[in-house]
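Novice: Just passing along the structure, written as structure tokens.
Take a look at the structure:
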């Protein structure tokens, strides 16, 4: 059993981890930036340490400060949450070198699966379907164009490292390729310090479907079903649900089996997500692996009856998985809406500020993951997501009704949020019919008639 765990994150995921540690009887240590001195995660933890101020690079990305805090507080493990250092192999390696457990996979696995070109190659060898594309990184626009012609337009240009939509460009024709490639490459170099790119065939109007897996150090890997994450803006997810309304029972089995093969191929330990892109015909292809807990992990917890964060901590301490594949019975339907401090009508401009009043819904089948409280001032330096509203019901139609009720009951004053925007999505005919693809939000915000009629584009 772990004796003390440092939580190297902030916001709702830090609160989520601290609560899991409480459930396990393990003392927690929070780190916080100066701007977060009144944040809920710093208040809930058993101990807290200030690690800097200003932007994340001076605080939540400051590896030396976090490791020093962990050693000074006699922590034997660090949970990175998601974002920040959660997929940083150098940090995972530094934890190991300092005798501290990193709650996640080994550094070499993060390296291999974090590099999209290497990950594609490994997945092909493991028999996991991949989108046609380059097998090796490309660096030069002229040579990249030659490869793009071989693959065939339209093309998706992607950074080999990183995620979150950075370094990604869709290119529909040869005429735009060089400019799009150079822009994506510059963005990748600025965001990740890596200018290696890769190309893949662009699947038009796809669904984004991911499979949650969990593996232990004894070679056991279990799949916990899929999540549909197609409702997204600029490659940032807004709504997630499980099961996917677009996935048949047969395809679901194939996806889950492919995800398990993918995880076993790299001897994966901990919580991970295999992300697939699915075309209109139901064919699916490996896109990438996220080597961490996901923002939307709660959706899977609701339908599977598991606690993925506790399972992460158990696996990190050397214990085997507490469940087998045959133990996982997926029940009902779950939906998550991400609530952001932003103004949708002004191109989703962030809206930091003081929360003057707050009320979240409750009741059967409603879950709130948030670090908000009345009187809290949301700092402008960090991500705008302030809450996740999750619901669980016996079927999708009932879950949508429950989500409408939960959104309608939520009150957040003092700042602007996307609550009304999310409510409108829950009333959209396209979404309610389960027809929303990754282009849905763009069409929805522009009043696209084809999407709102529920027809496929």
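In our numbering, the protein residues as written are 19 to 475. Positions of the beta carbon are idealized from the N, C-alpha and C atoms, including for glycine. Just so we're clear, the structure is a prediction, and the values are computed from it rather than from any experiment.
Is there contact between the region 369 to 378 and the region 39 to 47, where contact requires at least three CB pairs shorter than 8 Å?
Specialist: No contact exists between the region 369 to 378 and the region 39 to 47.
Novice: Whole angstroms are fine: how far does the CA of residue 381 sit from the CA of residue 67?
Specialist: Residue 67 and residue 381: Cα-Cα distance of roughly 35 Å.
Novice: Can you give the Cα-Cα distance for residue 464 and residue 88, rounded to whole angstroms?
Specialist: Roughly 48 Å separates the two Cα atoms.
Novice: Tell whether a beta-carbon distance below 7 Å holds between residue 139 and residue 455.
Specialist: Against a cut-off of 7 Å, the Cβ pair of residue 455 and residue 139 comes out as no contact.
Novice: Assign residue 364 to buried or exposed, taking buried as 16 or more other Cβ atoms, counted over all protein chains shown, within 10 Å of its Cβ.
Specialist: Exposed, because fewer than 16 other Cβ atoms sit within 10 Å of the Cβ of residue 364.
Novice: I believe residue 220 touches residue 174 by the beta-carbon criterion, under 8 Å. Please report the beta-carbon distance rounded to the nearest angstrom.
Specialist: Confirmed, about 4 Å.
Novice: Say whether the region 422 to 434 touches the region 348 to 361, bearing in mind that this needs 3 or more beta-carbon pairs closer than 8 Å, one atom from each stretch.
Specialist: In short, these stretches touch, since the Cβ pair count reaches three.
Novice: If we ignore side chains and look at the alpha-carbon of each, how far apart do residue 117 and residue 384 end up?
Specialist: If you take the alpha carbons of residue 117 and residue 384, they lie about 40 Å apart.
Novice: Let's see if you can read the secondary structure: which residues bound the alpha helix (DSSP H) around residue 197?
Specialist: 195 to 210 is the span of the alpha helix (DSSP H), which, as asked, contains residue 197.
Novice: What are the complete alpha helix (DSSP H) segments, minimum 4 residues, inside the region 308 to 374?
Specialist: Those alpha helix (DSSP H) runs which fall completely within the region 308 to 374 and span 4+ residues are 315 to 322 and 326 to 334.
Novice: Less than 7 Å between the beta carbons of residue 274 and residue 322, yes or no?
Specialist: Cβ distance not < 7 Å, so residue 274 and residue 322 don't count as in contact.
Novice: Mapping the DSSP letters down to three states, classify residue 89 as helix, strand or coil.
Specialist: Correct three-state label for residue 89: helix.
Novice: Exposed or buried, what is residue 27 when buried is set at 16 or more other beta-carbons lying within 10 Å of its beta-carbon?
Specialist: That one is buried.
Novice: Taking contact to mean 3 or more Cβ pairs, one atom from each stretch, closer than 8 Å, check whether the region 227 to 239 and the region 284 to 302 are in contact.
Specialist: Yes, they touch.
Novice: Look at the alpha carbon of residue 214 and the alpha carbon of residue 60, and state the distance between them as a whole number of angstroms.
Specialist: Roughly 38 Å between the two C-alpha positions.
Novice: Tell me the DSSP secondary structure of residue 171 in three-state form.
Specialist: Coil.
Novice: Which whole-angstrom value is the C-beta distance of residue 224 and residue 128, which I expect to be below 8 Å?
Specialist: Not quite, the Cβ-Cβ distance comes to about 26 Å (not below 8 Å), so this is no contact.
Novice: Go ahead and pull the three-state DSSP assignment for residue 285.
Specialist: Residue 285 falls in the coil class under three-state DSSP.
Novice: With DSSP collapsed to three states, give me the class of residue 253.
Specialist: Coil, per DSSP.
Novice: In whole angstroms, give me the CA-to-CA distance for residue 234 and residue 193.
Specialist: If I take the Cα positions, the gap works out to 48 Å.
Novice: Answer yes or no: do residue 350 and residue 301 have a C-beta to C-beta separation smaller than 7 Å?
Specialist: For residue 350 and residue 301, no; Cβs fall outside 7 Å.
Novice: Measure the Cβ-Cβ separation of residue 368 and residue 428 and say whether it is below 7 Å.
Specialist: Not in contact: residue 368 and residue 428 (Cβ atoms no closer than 7 Å).
Novice: Anyone know if the C-beta pair for residue 51 and residue 70 falls short of 7 Å?
Specialist: Contact: yes.
Novice: Give the straight-line distance between the Cα atoms of residue 352 and residue 95, rounded to the nearest whole angstrom.
Specialist: Their backbone Cα atoms lie some 31 Å apart in a straight line.
Novice: Tell me the DSSP secondary structure of residue 37 in three-state form.
Specialist: Residue 37 falls in the helix class under three-state DSSP.
Novice: Could you compute how far the alpha carbon of residue 271 sits from the alpha carbon of residue 103?
Specialist: Between residue 271 and residue 103, the C-alpha separation is close to 33 Å.
Novice: Around the Cβ of residue 237, are there at least 16 other Cβ atoms within 10 angstroms (buried) or fewer (exposed)?
Specialist: When all chains shown are included, residue 237 counts as exposed.
Novice: I need the straight-line Cα distance from residue 126 to residue 107, nearest angstrom please.
Specialist: Cα to Cα, residue 126 sits roughly 7 Å from residue 107.
Novice: Using the Cα positions of residue 279 and residue 144, report the straight-line distance between them to the nearest angstrom.
Specialist: Approximately 6 Å between the Cα atoms of the pair.
Novice: Mind pulling the alpha helix (DSSP H) runs of 4 or more residues that sit fully within the region 371 to 433?
Specialist: Qualifying alpha helix (DSSP H) stretches, in chain order: 414 to 427.
Novice: For residue 132 versus residue 164, is the C-beta spacing smaller than 7 Å?
Specialist: Result no, Cβ atoms of residue 132 and residue 164 do not sit closer than 7 Å.
Novice: Taking the straight line between their C-alpha atoms, what separation do you get for residue 250 and residue 149?
Specialist: C-alpha separation (whole angstroms): 20 Å.
Novice: In or out: residue 324 buried (at least 16 other Cβ within 10 Å) or exposed?
Specialist: So residue 324 counts as buried.
Novice: For the structure I just gave you, are there three or more beta carbon pairs, one from the region 307 to 315 and one from the region 331 to 340, closer than 8 Å?
Specialist: With the cut-off at 8 Å, the region 307 to 315 and the region 331 to 340 do not touch.
Novice: In whole angstroms, what separates the C-alpha of residue 404 from that of residue 42?
Specialist: Answer to the nearest angstrom: the Cα atoms are 26 Å apart.
Novice: Expressed to the nearest angstrom, what Euclidean distance is found between the alpha-carbon atoms of residue 473 and residue 451?
Specialist: Unreliable positioning characterises residue 473 in this predicted model, as indicated by a pLDDT of 32, which lies under 50. A coordinate reading is not provided.
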